[in-house]
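Asker:
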Ligand SMILES: [Fe+2]
Ligand SMILES: [Fe+2]
């Protein structure tokens, strides 16, 4: 397996973070559960794009397996927490809608295919991010399914392209580029946030001592004004009585 930057993070940083902050581990596993559930629902919408009963059955099997992954992750997260899990329900944006064309659908399905191969590598690494045996077992089991999905979605993509392998490969390359670009923008956003926080911390320590007195005066002035406001309110209420 080629070690990508995200793989490096999962392999060397995640185990440390999960050890130091167990809640982060629970949050990550809960998030995986929600992503798996969302992908199952999105895949369910794909079935109507083919009349072939064999492909329909394969797609439905895929949907069920994604739901199963969601359940496994959710049970794992719950086994780590005696508190109620913060399972916020994000709004769902259906990728496949009534206006989706066959070409758009093929692009989406190619994207699903590349996602399967990425996630399979990630889950194999997550399996070793903790000493916990149950966690390892679940991540390896899910990774094994994702490996099968990679092969299955590849075959279905070619079938959906009416056996045109060249078209399927082109769609795959296009979706890989889109995926890389998406990862790049997310990484840049995160790096930008870190740099911004660093600058703000430097400014705080450099400028802070000089504005301390002014800020204090401002606070006192506000406090006095607030007290005056409250006294006026009380006086007004008394007048009404
Ligand atoms: Fe999955
Ligand atoms: Fe999958």
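Numbering (this note's numbering), first residue to last: 1328 to 1568.
By construction, the Cβ of each residue, glycine as well, lies at the ideal position given by its N, Cα and C atoms.
Since we're looking at a predicted model, the values are computed, not measured.
Would you mind working out which of 1479, 1542 and 1409 sits nearest residue 1442, comparing C-alpha positions?
Answerer: Taking the chain shown and counting its residues from 1, the one referred to as residue 1442 is at position 115. Among 1479, 1542 and 1409, the Cα nearest to that of residue 1442 is on 1479.
Asker: Should residue 1476 be counted as a contact of ligand 2 given a C-beta to heavy atom distance under 7 angstroms?
Answerer: For the purposes of this step, residue 1476 is identified with residue 149 of the chain shown, where counting begins at 1. Yes, ligand 2 has a heavy atom inside 7 angstroms of this Cβ.
Asker: Can you find the residues in the same chain that come closer than 6 angstroms, C-beta to C-beta, to residue 1563, ignoring five residues on each side of it along the sequence?
Answerer: Numbered from 1 along the chain shown, position 236 holds the residue referred to as residue 1563. Taken in chain order, the list of residues that qualify is empty.
Asker: Measuring only from the beta carbon, is residue 1469 closer than 7 angstroms to any heavy atom that is part of ligand 1?
Answerer: In the chain shown, residue 1469 corresponds to position 142, counting from 1. Yes - ligand 1 has a heavy atom lying nearer than 7 angstroms to the Cβ of residue 1469.
Asker: Short check: CB of residue 1389 to CB of residue 1476, under 8 angstroms?
Answerer: Within the chain shown, the letter at position 62 stands for residue 1389. Within the chain shown, the letter at position 149 stands for residue 1476. It is a contact, given that the beta carbons lie within the stated cut-off.
Asker: Tell me whether residue 1473, by its Cβ, gets closer than 7 angstroms to a heavy atom of ligand 1.
Answerer: What you label residue 1473 is simply residue 146 of the chain shown in a count that begins at 1. Result yes, Cβ under 7 angstroms from ligand 1.
Asker: Just checking residue 1451 against ligand 1 - is the residue's beta carbon closer than 7 angstroms to any of the ligand's heavy atoms?
Answerer: Stepping through the chain shown from its first residue, residue 1451 is reached at position 124. Answer for residue 1451: no, Cβ out of range of ligand 1.
Asker: Starting from the C-beta of residue 1469, find all residues in its chain whose C-beta is less than 7 angstroms away, skip the five residues before and the five after it, and write them out in chain order.
Answerer: Locating residue 1469 in the chain shown gives position 142, where the first residue counts as 1. Around residue 1469: 1396, 1399 and 1450.
Asker: According to DSSP, is residue 1360 part of a helix, a strand, or is it coil?
Answerer: The residue you call residue 1360 lines up with position 33 of the chain shown. Helix at residue 1360.
Asker: Leaving aside the five residues before and after residue 1456 along the sequence, list all residues of the same chain whose C-beta is less than 7 angstroms from its C-beta, in chain order.
Answerer: Counted from its first residue, the chain shown places residue 1456 at position 129. Within the same chain, residue 1456 has close Cβ partners 1337, 1341, 1342 and 1345.
Asker: Is the stretch 1427-1437 close to the stretch 1480-1487, with three or more CB pairs under 8 angstroms?
Answerer: Contact between the stretch 1427-1437 and the stretch 1480-1487 is present, because at least three Cβ pairs lie under 8 angstroms.
Asker: Just the Cα atoms here: how many angstroms apart are residue 1385 and residue 1423?
Answerer: The residue given as residue 1385 occupies position 58 in the chain shown. The residue given as residue 1423 occupies position 96 in the chain shown. Approximately 18 angstroms between the Cα atoms of the pair.
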